[in-house]
Amino acid sequence: MRVRVRQDASLLRELSFPIDPERYFDFSADEGLEVTDERVTWFVPASGGELRYTVRIDHLRDPARYDARVTSRWALFRGEDLFPPARTRRLRESEGRFTLRFRVPPEWEVLSAYPPRRDGGLTVRNPGRAFSQPQGWFLAGEVRTLREDVAGMEVTVGSPEGDPFRDRDLMALLRWIAPELQAIVPELPDRLLVVGADDPMWRGGLSGPRSLYVHSDRPLLDKDWTSPVLHELMHVVMRARSRGGADWIVEGLAEYYSLELLRRSGTIGAANHASAIANFEARGREVESLAGDHSAGATTARAVVVFHELDGVLRDASQGRRSLDDLVRALAEDPEATHPERFRVLVDSILGASMDSFWRRWAPSLLAP
Ligand SMILES: [Zn+2]
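14 is the number of the first residue of the sequence shown in the numbering used here; add one for each residue after it.
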């Protein structure tokens with residue numbers, strides 16, 4: 014990695030990020046560099062300069078499965094893997110322009126959620142951030158790509174050449190549910206990158222800004238009607254992040270709406286939808302508290318049931334004028350509003366009445382101080 018800063022005054026003064034020394038090493042800069050085992054700090058010269066380091070891309074998510082991987086023919090990783098989240102000191106109100114360039118073999122292509130420039134670089138701009146680091150999924154290499162318009166989003170589906178990833182089926186599902194997606198979240202991103210790969214990549218789905226990964230082996234629709242790709246898609250379009258130990262809100266909404274997309278698009282009928290909800294009920298029955306930073310399995314199943322109930326209550330109490338869709342749209346505009354207190358206020362504001370009695374029954378942790 015080479016981070017080159019061009020400036021003619023001391024605008025960007027300091028760049029520092031935490032590092033895992035096993036993964037980030039060989040740091041050097043012409044001047045102003047401080048490296049410890051945990052942190053790198055670069056005091057950026059007023060006339061600009063260059064910071065250099067090496068990143069080991071391969072990263073195991075569990076003992077045998079990668080969530081970042083490079084082979085001789087392709088590389089699949091997130092922008093955050095190359096450039097860890099940095100803290101900066103800079104002149105107030107100053108803003109940077111960021112271009113990312115890869116030097117790759119001539120037959121390689123680089124896919125990302127960022128728009129390519131004519132000179133082959135990528136313009137990196139993260140909405141609302143003065144200092145933009147590369148984020149989201151990247152696939153570089155000898156790749157197979159498929160491009161389509163999905164509800165106004167420029168969607169690219171990519172996988173390593175020769176990989177069994179079912180890009181066409183996946184694109185067909187996205188285009189099929191597109192009208193329903195747009196009705197739920199009117200402000201969709203301009204671009205979306207979907208990448209997939211087979212073993213030894215991680216056997217699940219993972220979302221990033223304007224991008225998502227799903228393992229080649231995962232079905233579009235599972236036996237219990239869950240859909241890994243639609244679940245990750247909902248994470249991407251809602252952008253909601255888990256705050257204050259309320260990961261169940263983020264995971265439950267993604268799971269609930271992946272099922273809603275199937276129901277509203279007519280992909281599954283009423284009876285199968287009811288059995289999917291019953292399945293979530295059974296799986297989440299033993300859950301006593303939803304609170305926690307990592308909602309999965311039974312907790313998320315329980316959260317789906319809570320949102321199913323909440324949707325019913327919102328519709329009944331407003332004679333059908335309000336629904337969970339209003340909540341999703343509000344969260345898409347304010348992704349930090351999943352913090353329990355703010356979330357409660359948000360739901361109350363949608364209905365114009367207190368929902369405390371609902372939460373007392375369904376999610377008491379939301380009312381705890
Ligand atoms: Zn999720």
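C-beta atoms are modelled at their ideal positions from N, C-alpha and C, and glycine is treated no differently.
Starting from the Cα of residue i, find the closest Cα among the options and give me that residue.
{"i": "E120", "options": "L225, W87, T101", "result": "W87"}
{"i": "L337", "options": "A345, D324, E349, A330", "result": "D324"}
{"i": "P241", "options": "S271, R114, W261", "result": "S271"}
{"i": "F151", "options": "H286, N285, V208, R160", "result": "V208"}
{"i": "S41", "options": "S85, V249, G62, A376", "result": "G62"}
{"i": "N250", "options": "V318, L266, V198, R130", "result": "In the sequence under discussion, the amino acid at residue 250 is Val, which differs from the Asn named in the question. Answer by Cα proximity: V198."}
{"i": "A314", "options": "A330, A295, L327, D329", "result": "A295"}
{"i": "R334", "options": "L364, F320, L73", "result": "L364"}
{"i": "V123", "options": "E161, E108, L206", "result": "L206"}
{"i": "F293", "options": "L219, E299, V317", "result": "V317"}
{"i": "G165", "options": "R105, R179, I190, V341", "result": "I190"}
{"i": "A210", "options": "L201, E354, T84, G297", "result": "T84"}
{"i": "S421", "options": "L73, G45, Y66, R216", "result": "Any answer about residue 421 is impossible in this case: the structure gives the chain only from 14 up to 382."}
{"i": "A343", "options": "D361, S331, A381", "result": "D361"}
{"i": "R110", "options": "R256, V18, I32, A284", "result": "V18"}
{"i": "A196", "options": "G221, V227, R277, L183", "result": "R277"}
{"i": "D21", "options": "L274, P58, F30, F38", "result": "P58"}
{"i": "A126", "options": "R223, D182, D94", "result": "R223"}
{"i": "D94", "options": "Y37, L201, R256", "result": "Y37"}
{"i": "L194", "options": "L274, W215, L73", "result": "L274"}
{"i": "G279", "options": "D132, P31, L186, I32", "result": "L186"}
{"i": "Y226", "options": "L233, M184, E245, R131", "result": "E245"}
{"i": "F144", "options": "A330, P98, R130", "result": "P98"}
{"i": "P140", "options": "P202, R131, L233, A381", "result": "P202"}
{"i": "E167", "options": "P192, P128, D182", "result": "P128"}
Please classify residue i as buried or exposed, where buried requires at least 16 neighbouring CB atoms within 10 angstroms.
{"i": "H307", "result": "exposed"}
{"i": "Q148", "result": "buried"}
{"i": "V358", "result": "exposed"}
{"i": "T67", "result": "exposed"}
{"i": "Q385", "result": "There is simply no residue 385 to check, as the chain begins at 14 and stops at 382 in what is shown."}
{"i": "R160", "result": "exposed"}
{"i": "P353", "result": "buried"}
{"i": "S367", "result": "exposed"}
{"i": "F96", "result": "buried"}
{"i": "R52", "result": "exposed"}
{"i": "T112", "result": "exposed"}
{"i": "G297", "result": "buried"}
{"i": "G265", "result": "buried"}
{"i": "R256", "result": "buried"}
{"i": "T136", "result": "exposed"}
Taking 6 angstroms as the limit between beta carbons, can you name the residues of its chain near residue i, skipping five residues before and five after?
{"i": "S378", "result": "S302, L303, A304"}
{"i": "M247", "result": "A267, Y270, S271"}
{"i": "P34", "result": "D50"}
{"i": "D43", "result": "G62"}
{"i": "R114", "result": "G134"}
{"i": "V403", "result": "Here the chain covers residues 14 to 382 and nothing more, so residue 403 does not appear."}
{"i": "A153", "result": "A88, V117, W121, V123"}
{"i": "R5", "result": "No statement about residue 5 is possible, as the shown extent of the chain runs from 14 to 382 and does not include it."}
{"i": "F56", "result": "E27, G45"}
{"i": "R65", "result": "R15, S41"}
{"i": "L339", "result": "It should be noted that the sequence gives Asp, not Leu, for residue 339. Excluding residues within five positions, the ones whose Cβ falls inside 6 angstroms are I363."}
{"i": "H286", "result": "R276"}
{"i": "I32", "result": "V53"}
Am I right that residue i and residue j are in contact with their C-beta atoms under 8 angstroms? What's the rounded C-beta distance?
{"i": "T158", "j": "V263", "result": "Contact flag wrong, Cβ pair sits at about 30 angstroms."}
{"i": "R82", "j": "D75", "result": "In fact, because the Cβ distance is near 13 angstroms, the residues do not count as touching under 8 angstroms."}
{"i": "P213", "j": "R78", "result": "6 angstroms"}
{"i": "R138", "j": "L24", "result": "Their Cβ separation, rounded to whole angstroms, is 17 angstroms, which puts R138 and L24 out of contact at 8 angstroms."}
{"i": "D180", "j": "V170", "result": "4 angstroms"}
{"i": "G218", "j": "R204", "result": "At roughly 19 angstroms, the Cβ-Cβ gap does not stay under 8 angstroms, so G218 and R204 are not in contact."}
{"i": "G92", "j": "Q146", "result": "7 angstroms"}
{"i": "A311", "j": "V300", "result": "5 angstroms"}
{"i": "R100", "j": "S29", "result": "5 angstroms"}
Who are the Cβ neighbours of residue i in its own chain at under 7 angstroms, not counting the five residues just before and after it?
{"i": "R252", "result": "A345, P348"}
{"i": "E322", "result": "W375"}
{"i": "V156", "result": "W87, E122, L124, G171, S172, P173, E174"}
{"i": "R188", "result": "E161, V163"}
{"i": "W215", "result": "R74, R78, Y79, D80, H228"}
Mind checking who residue i pairs with in its DSSP beta bridge?
{"i": "T312", "result": "The partner list for T312 (beta bridge, DSSP) is empty, contrary to what the question assumes."}
{"i": "E63", "result": "R17"}
{"i": "W87", "result": "G154"}
{"i": "G305", "result": "A259"}
{"i": "H244", "result": "DSSP, once it has assigned bridges, lists no residue as partnering H244."}
{"i": "S224", "result": "L206, G221"}
{"i": "V117", "result": "In DSSP, V117 forms no bridge with anything."}
{"i": "Y79", "result": "L73, M214"}
{"i": "Y37", "result": "V68"}
{"i": "R102", "result": "E27"}
{"i": "E167", "result": "D162, R204"}
Should residue i be counted as a contact of ligand 3 given a C-beta to heavy atom distance under 6 angstroms?
{"i": "E264", "result": "In terms of ligand content, the structure shown lacks ligand 3 and carries ligand 1 instead."}
Between residue i and the rest of its own chain, which residues show a CB-CB distance below 8 angstroms, the 5 nearest in sequence each way excluded?
{"i": "F356", "result": "A259, I262, A350, L379"}
{"i": "D237", "result": "A289, N292"}
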